[in-house]
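Engineer: Let me begin by handing over the structure; questions about it come next.
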Amino acid sequence: MTTHDIRSDTAAPPGAPAAAGTSVDVDLTGRTALVTGAASGIGRACAVRLSAAGATVRLADLDRAALDELAERGVGEPCPVDLTDLDAAEDVARGVDIVVNNAGVQTVSPVQDFPPERFSLILRLMLESPFRIVRAALPHMYAGGWGRIVNISSVHGLRASAYKSAYVAAKHGLEGFSKVVALEGAPHGVTSNCVNPGYVRTPLVEKQIADQSRAHGVPAEEVVEKVLLARSPIKRLIEPAEVAEMVAYLCCPEASFVNGASLTVDGAWSAS
1 MTTHDIRSDT
11 AAPPGAPAAA
21 GTSVDVDLTG
31 RTALVTGAAS
41 GIGRACAVRL
51 SAAGATVRLA
61 DLDRAALDEL
71 AERGVGEPCP
81 VDLTDLDAAE
91 DVARGVDIVV
101 NNAGVQTVSP
111 VQDFPPERFS
121 LILRLMLESP
131 FRIVRAALPH
141 MYAGGWGRIV
151 NISSVHGLRA
161 SAYKSAYVAA
171 KHGLEGFSKV
181 VALEGAPHGV
191 TSNCVNPGYV
201 RTPLVEKQIA
211 DQSRAHGVPA
221 EEVVEKVLLA
231 RSPIKRLIEP
241 AEVAEMVAYL
251 CCPEASFVNG
261 ASLTVDGAWS
271 AS
């Protein structure tokens with residue numbers, strides 16, 4: 001089985017895993033997985049990890065070039081799609097055994113200034129689209145008596161932060177939806193869980209760091225330490241591969257009783 005290393009050309013930050021190694025032994029040969037937002041960040045890491053476990057991975061994202069690059073490395077099948085087109089979102093999910101709902105965007109703004117059309121788009125992408133994807137995937141899962149739905153939520157699915165009204169609303173909605181699917185899917189061998197990371201080293205987070213650095217006139221390192229990680233006892237960003245390993249665990253037989261859960265990967269951020 002091929003192992004795909006997505007961090008082989010970068011040095012690990014202090015305290016992080018030295019490489020994108022694996023700790024979960026899971027064989028997904030014969031399974032088909034859909035990963036949304038697969039072009040970068042957590043989605044890319046999940047696609048790499050599930051492919052390494054033997055799954056056939058559908059790579060859903062708008063960035064066709066990034067999907068083609070993954071496919072050239074043997075990681076999945078490119079499925080370029082605009083997931084805010086809800087009919088297209090359903091179509092890409094039919095016949096899959098594993099769903100990883102990961103695609104997301106962020107807008108930071110006070111509620112009174114938040115553009116309504118942007119609020120609607122974020123909920124469509126991050127809540128309505130996962131609903132349509134799961135809706136389309138469940139008949140195949142039920143017929144086979146097995147399925148895994150992993151919703152990449154956030155600590156903001158459990159806690160709120162100011163100026164992130166749409167993101168927090170979408171993630172809280174995703175949490176509730178995931179639990180309903182867990183109840184309905186349990187008799188059919190289908191589990192549904194949320195993974196709740198803190199701040200992960202992704203393009204979305206790196207953009208937030210750069211924006212705040214410019215807005216406040218402080219170095220990016222200070223934004224990370226004093227803003228993003230102010231409440232985190234572990235003072236580093238999470239690596240995408242660490243989140244992907246939790247996703248892999250949820251797909252293994254030993255996780256069959258983990259259902260309807262919200263699993264924090266936040267270095268005790270939400271406990272502080």
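The sequence shown lines up with residues 1 to 272 when you count with full-length UniProt numbering.
Using N, Cα and C, we set each Cβ at its ideal position, and we do this for glycine too.
Computed from a predicted structure; not experimentally measured.
(1) Among residues of its own chain, excluding the 5 on either side of V26, which ones have a beta-carbon nearer than 7 Å to its beta-carbon?
(2) What is the rounded straight-line gap between the Cα of A261 and the Cα of A45?
(3) Quick one: residues in its chain with C-beta nearer than 8 Å to the C-beta of A160, no 5 flanking neighbours on either side, listed in chain order?
(4) Is A55 helix, strand or coil when you go by DSSP?
(5) With contact counted as at least three CB pairs below 8 Å, one residue from each stretch, are the region 213 to 226 and the region 177 to 187 in contact?
(6) So, using beta-carbon positions, are V111 and S154 closer together than 8 Å?
(7) Helix, strand or coil, according to DSSP, for S8 in the structure here?
(8) When you compare the CB positions of L127 and A66, do they come within less than 8 Å of one another, or not?
(9) To the nearest angstrom, how far is it from the Cα of G144 to the Cα of G95?
(10) Verify whether the separation of the beta carbon atoms of V48 and V75 is less than 8 Å.
(11) Would T264 be called buried (16 or more neighbouring beta carbons within 10 Å of its own) or exposed?
(12) Considering only the beta carbon of each residue, do D266 and N151 sit closer than 8 Å?
(13) Tell me, to the nearest whole angstrom, how far the beta carbon of D83 is from that of L125; I am working on the premise that it is less than 8 Å.
Structural biologist: A quick look at the data gives this:
(1) A53, A248, C251 and C252
(2) 21 Å
(3) V168
(4) coil
(5) no
(6) no
(7) Any reading at S8 is ruled out, since the residue's pLDDT is 33, under 50, leaving its predicted position unreliable.
(8) no
(9) 10 Å
(10) yes
(11) buried
(12) no
(13) For clarity, residue 83 is Leu in the given sequence; the question names Asp instead. Confirmed, about 6 Å.
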